[in-house]
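Numbering (this note's numbering), first residue to last: 70 to 326. Glycine included, every Cβ here is placed at the ideal spot set by N, Cα and C. Working notes for the structure below.
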């Protein structure tokens, strides 16, 4: 176990023998740090925080601190972080609240750039990139393979669905559908994230079908049930259309259009 002598580790914390805890780090009570995870220096890990394997956390990051919620009254709440995440300088991730599920969840293979904030009770999936100074307010859900541009703000309770992209300095007040690119203040939809699809090697046929599905939702002026019926027809030829169907069905704040 490689723990710098200046680090302060609570007696109840569990740290894997292969983890690295750098100078002046603090690890709080009942927290767990997994195999090959590195805390570089001046990193604070609060109480009841579980960090998986092969994560890399940079200086002045604070993960697992009390939620910024005036209703919070010291309840036992949690933060879980998955594997292979890079958490850059000055990021802040807060534990959940008893008013939700008491837990904030971060998946795996994410990059959180400098000064990213993940508030209480958020759920973040896998393979996402959040650029510098992104703020994600409480109870928000971010899916998988999402890119969020720097300086963007996500309103509480919003959903950001899979493979979507948010342009820099955007204000997100409603839900973002899967595959869709949005930007602006307040944000508006600007079509599919086609460049991201091409980089993943998706076929021209897949992209064309998803483009048709996008038009069904955002351009034809259909009622919700009418749009869902047409999406079901497209689903027969392209399974990924299901993600757009899920966006329609799961949205509670309404989709950004």
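Requested in this report: Would you check if the distance between the CB atom of residue 136 and the CB atom of residue 207 is smaller than 9 Å?
Outcome: Yes, the pair counts as a contact, with Cβ atoms nearer than the cut-off.
Query raised in the report: Expressed to the nearest angstrom, what Euclidean distance is found between the alpha-carbon atoms of residue 254 and residue 238?
Result: Straight-line Cα distance between these residues: approximately 8 Å.
Query raised in the report: Which same chain residues, not among the five before or five after residue 101, have their C-beta less than 6 Å away from its C-beta?
Result: Around residue 101: 83, 119.
Query raised in the report: Are the segment 104-119 and the segment 133-147 touching, with three or more C-beta to C-beta distances below 8 Å?
Result: Yes: the two stretches touch, three or more of their Cβ pairs being nearer than 8 Å.
Requested in this report: Tell me, to the nearest whole angstrom, how far the beta carbon of residue 245 is from that of residue 230; I am working on the premise that it is less than 8 Å.
Outcome: Yes, residue 245 and residue 230 are in contact; Cβ-Cβ is about 6 Å, under 8 Å.
**Report entry** Per-residue DSSP class, three states only, for residue 118
**Finding:** In the structure shown, residue 118 falls within a strand segment according to DSSP collapsed to helix, strand and coil.
Query raised in the report: Tell me, which residues are paired with residue 253 by DSSP?
Result: Answer is 256.
Query raised in the report: If we call anything under 9 Å between Cβ atoms a contact, is residue 225 one with residue 209?
Result: Judged by their CB atoms, residue 225 and residue 209 are nearer to each other than the 9 Å cut-off.
Query raised in the report: Could you give the C-beta distance for residue 279 and residue 291, rounded to a whole number, given that I count them as a contact under 8 Å?
Result: Wrong, their Cβ atoms sit about 17 Å apart, outside the cutoff.
Query raised in the report: What residues in its chain sit with their C-beta under 6 Å from that of residue 235, if we drop five residues either side in the sequence?
Result: Excluding five sequence positions before and after residue 235, the CB atoms of its chain that fall closer than 6 Å to its own CB belong to 217, 218, 221, 251, given in chain order.
Requested in this report: Use the C-beta contact count for residue 318: other C-beta atoms within 10 angstroms, 16 or more gives buried, fewer gives exposed.
Outcome: With a threshold of 16 other beta carbon atoms within 10 Å, residue 318 falls short and is exposed.
Requested in this report: Use the C-beta contact count for residue 88: other C-beta atoms within 10 angstroms, 16 or more gives buried, fewer gives exposed.
Outcome: Residue 88 comes out buried.
Query raised in the report: When the Cα atoms are used, what is the spatial distance from residue 180 to residue 215?
Result: Residue 180 and residue 215: Cα-Cα distance of roughly 11 Å.
Requested in this report: State the beta-bridge partners of residue 71 as determined by DSSP.
Outcome: BP columns for residue 71 point to 89.
Query raised in the report: Whose C-alpha, out of 74, 123, 173, is nearest the C-alpha of residue 145?
Result: Comparing Cα-Cα distances from residue 145 to each of 74, 123, 173, the minimum goes to 173.
Query raised in the report: Between residue 124 and the rest of its own chain, which residues show a CB-CB distance below 6 Å, the 5 nearest in sequence each way excluded?
Result: These residues qualify, in order along the chain: 106, 154.
Requested in this report: Please state whether DSSP places residue 315 in a helix, a strand or coil.
Outcome: Helix, per DSSP.
Query raised in the report: Can you tell which of 259, 85, 304, 187 has its C-alpha closest to the C-alpha of residue 288?
Result: The option with the nearest alpha carbon to residue 288 is 259.
Query raised in the report: According to DSSP, what are the bridge partners of residue 266?
Result: Partner(s): none; residue 266 has no beta bridge.
Query raised in the report: Which residues in the same chain have their Cβ closer than 8 Å to the Cβ of residue 189, if we skip the five residues on either side of it in sequence?
Result: If the five residues before and after residue 189 are omitted, its C-beta is found closer than 8 Å to the C-beta atoms of 136, 137, 138, 141, 146, 163, 164, 165, 166, 169, 173, 207, 208, all from its own chain and listed in chain order.
Query raised in the report: With respect to the alpha helix (DSSP H) encompassing residue 285, which residues constitute its N-terminal and C-terminal limits?
Result: For residue 285, the enclosing alpha helix (DSSP H) has its first and last residue at 273-287.
**Report entry** Distance cut-off 8 Å: residue 212 Cβ against heavy atoms of the ligand SAH
**Finding:** What this structure holds is no ligand at all, so the ligand SAH is not there to describe.
Query - Complete runs of the beta strand (DSSP E) confined to the segment 113-167 [at least 3 residues] - result: Complete beta strand (DSSP E) runs here, min 3: 118-120, 131-134, 147-150, 161-163.
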